[in-house]
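Peer 1: Here it is, the structure, as structure tokens.
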Amino acid sequence: MEKWLKFLEVNAPRILDLTIEHAVLVGLAILVALLIGVPLGIYLTTNDYLAETVLQIASVMLTIPSIALFGVMIPIFSIINQGIGFVPAFVALVLYSQLPIIRNTYTAIQNVSPEMRDAAKGVGMKTHQRLLRVEIPNAFPVIMAGIRTAVVLNIGIGVIAAYIGAGGLGVLITQGISRGDNYLIISGSVAVAILAMIADGILLWIQKRYTRKYIA
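Following the working numbering, the numbering of the sequence shown begins with 1 at its first residue and continues without gaps.
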């Protein structure tokens with residue numbers, strides 16, 4: 001334990017830099033995934049046939065082993081000389097994020113009570129007004145649960161991105177494995193776990209705060 005703490009003291013700046021790099025990669029991927037997944041989930045509530053198809057595709061995407069999906073990205077993005085590094089890892093993480101975000105958005109909007117919709121219609125709200133003022137606010141806790149799942153999932157999967165040169169905390173783990181250095185492996189693993197807990201804690205706080213203020 002003492003040796004590991006000494007290792008952390010010496011390598012703290014590098015671990016911090018890789019943690020920030022990891023957080024930026026995951027954060028940007030989640031942001032783009034939200035811009036795609038939330039509107040798509042909302043739209044799917046108007047088309048049940050398309051909803052079933054899209055959710056099945058998203059489910060299949062999540063079953064693909066992460067190392068395989070990252071590997072597939074390499075030849076695809078090699079066409080534009082981006083086969084290694086940030087871009088393929090970013091796209092893979094965006095794809096992995098879609099299922100929990102789309103599914104939770106779709107389910108949450110679908111489950112808004114008909115009485116609330118009827119009341120909104122009764123006061124003259126148009127479709128977009130009902131969506132923004134009634135449906136999304138009431139669906140928000142469930143949508144946030146999907147976002148939290150996607151964030152924690154991507155923080156873990158993002159470790160694999162180190163194998164295609166995207167950096168992040170996976171660098172510590174992969175280097176530790178190749179060198180047989182347990183301190184590197186433990187440091188990377190602990191940092192990933194802490195980052196996931198912090199991110200989930202922040203999102204849970206936002207979810208509860210919003211729920212207490214607007215729903216309760």
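We put the CB at the ideal spot given by N, CA and C, even for glycine.
In whole angstroms, what is the alpha-carbon distance linking residue 48 and residue 207?
Peer 2: Counted from its first residue, the sequence shown places residue 48 at position 48. Counted from its first residue, the sequence shown places residue 207 at position 207. Each residue's Cα considered, the two are about 28 Å apart.
Peer 1: Alpha carbon to alpha carbon, how far is residue 150 from residue 42? Give it in angstroms, no decimals.
Peer 2: Position 42 of the sequence shown holds residue 42. Position 150 of the sequence shown holds residue 150. Roughly 17 Å between the two C-alpha positions.
Peer 1: Entirely within the stretch 13-79 and at least 4 residues each: give me those alpha helix (DSSP H) ranges in chain order.
Peer 2: Runs of the alpha helix (DSSP H) inside the stretch 13-79: 48-63 and 66-78.
Peer 1: Check this for me: beta carbons of residue 191 and residue 15, under 8 Å apart or not?
Peer 2: Along the sequence shown, one-based indexing puts residue 191 at 191. Along the sequence shown, one-based indexing puts residue 15 at 15. Yes, these two residues count as a Cβ contact at 8 Å.
Peer 1: Compute the beta-carbon to beta-carbon distance between residue 62 and residue 99, rounded to the nearest angstrom, for a pair I have assumed lies under 8 Å.
Peer 2: Here the question's residue 62 lines up with position 62 in the sequence shown. Here the question's residue 99 lines up with position 99 in the sequence shown. Yes, they are in contact, since the Cβ atoms of residue 62 and residue 99 sit about 5 Å apart, within 8 Å.
Peer 1: Please list the segments of the alpha helix (DSSP H) lying wholly inside the stretch 115-148, counting only runs of 4 or more residues, in order along the chain.
Peer 2: DSSP runs (the alpha helix (DSSP H)) wholly in the stretch 115-148: 127-130.
Peer 1: Roughly how many whole angstroms lie between the Cα atoms of residue 134 and residue 37?
Peer 2: For the purposes of this step, residue 134 is identified with residue 134 of the sequence shown, where counting begins at 1. For the purposes of this step, residue 37 is identified with residue 37 of the sequence shown, where counting begins at 1. Distance between the alpha carbons of residue 134 and residue 37 is about 19 Å.
Peer 1: Near residue 94, which residues of its chain fall below 8 Å by C-beta distance, leaving aside the five closest residues on each side in sequence?
Peer 2: Reading the sequence shown from its first residue, position 94 is the one you call residue 94. Around residue 94: 29, 32, 33 and 36.
Peer 1: Please name the residue, chosen from 189, 198, 197 and 210, that lies closest to residue 8 on a Cα-to-Cα basis.
Peer 2: Here residue 8 corresponds to residue number 8 of the sequence shown, with the count starting at 1. Ranking 189, 198, 197 and 210 by Cα distance to residue 8 puts 189 first.
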